[in-house]
Structure formats: C-alpha cells, structure tokens
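First up is the structure itself, then whatever we jot down about it.
In our numbering, the protein residues as written are 22 to 171.
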C-alpha cells in the first residue's frame, strides 16, 4: 500500500524538522501512541494501540530515522508486531520546503501488512491508513504551528 500527501505547517522549516525528531511531540500526535522511547538520534521504539475495522491490537515496533539532508529531507523505516493481529512494516520519505505560510511537508510512504490485518481487505486498510495519517499530520501541524518552537 502506498500513501502520499502534503500539509502546510505554520512554522519555520528548522522548527518543523526539530519537531519531527522530538519524541514528546510525536507521541502526542501519533494516534493511539501509548509510549515512544528515543534510544538514539536515529532509533525510536513505539507502543501503539489501533483499531482497524473489527481488529484492535497493541503494536510494538521500532523506527529508524535516516536524516538524508536535514532540514530539507529525511526518511524513516519501521516495523511493528501486533501479535495475532499481524504485522506492519514500511518506510516513508519526507521533504520539507519553505512556503509563504511556513513549511510545506510532503511525504511518500509504503507499507506492507500481514496476518489478520491483511485479511480485512485493502479498501478498509487503505481508508484507515489515510485517516490515521491525516489525523497525525493535522495534530502535528496544530501542535507545531501553535508552539512556534520546539
């Protein structure tokens, strides 16, 4: 499954980049996130509870950040397991560029799922993924735009 979108965040590019690397801000913005631990500048561990259709699961996973060209772009890869519910793994490329209203954030993500989740059907999964993604970026834009700093 592939997802891509863009959002304008009312904050300077360096502030947006720093916020994308701040575990407290990420934890507050990731839907269902119960815990987010930063092990290093590039390694995070997350515990997230999600309900996708009739399946509710607690996922535990690892994310590795790859700062390709900060603060203009970076990528991330991750994988998580939800026990009997299944697994998810994937990655995203994120680009930041100046915009008259702050910063334009663009992302392209690819995700692979398996287990019970994969049996739910691609429409339900795609719709839920888009909804969760939009919820994260709207929360992130509100939080970073409000603060104006990290």
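Cβ atoms here follow ideal geometry from the backbone N, Cα and C, with glycine treated the same way.
Between the alpha carbons of residue 65 and residue 156 lies a distance of about 20 Å. Residue 44: member of the alpha helix (DSSP H) spanning 44-50, first to last residue. Straight-line spacing of the CA atoms in residue 33 and residue 149 works out to 30 Å. Excluding sequence positions up to five before and after residue 76, its CB lies within less than 7 Å of the CB of 106, 137, 138 and 141, all in the same chain and listed in chain order. DSSP, read as helix, strand or coil, puts residue 25 in strand. Between the C-alpha atoms of residue 118 and residue 47 there is a straight-line separation of about 20 Å.
When rounded, the separation of the alpha-carbon atoms in residue 120 and residue 29 is 7 Å.
The beta carbons of residue 154 and residue 24 sit closer together than 9 Å. Going by DSSP, residue 140 is part of no alpha helix (DSSP H) at all; its letter is neither H nor E. For residue 35, there is no enclosing beta strand (DSSP E); the residue is found in the alpha helix (DSSP H) stretching over 34-41.
When C-alpha distances from residue 82 are compared across 90, 92 and 54, the shortest belongs to 54. Bridge partners of residue 80 according to DSSP: 69. Distance from the Cα of residue 126 is smallest, within the candidate group 78, 158 and 74, for 158. With fewer than 16 other CB atoms across the displayed protein chains lying within 10 angstroms of its CB, residue 58 is exposed. About 6 Å separates the Cβ atoms of residue 132 and residue 109, confirming a contact at the 8 Å cut-off.
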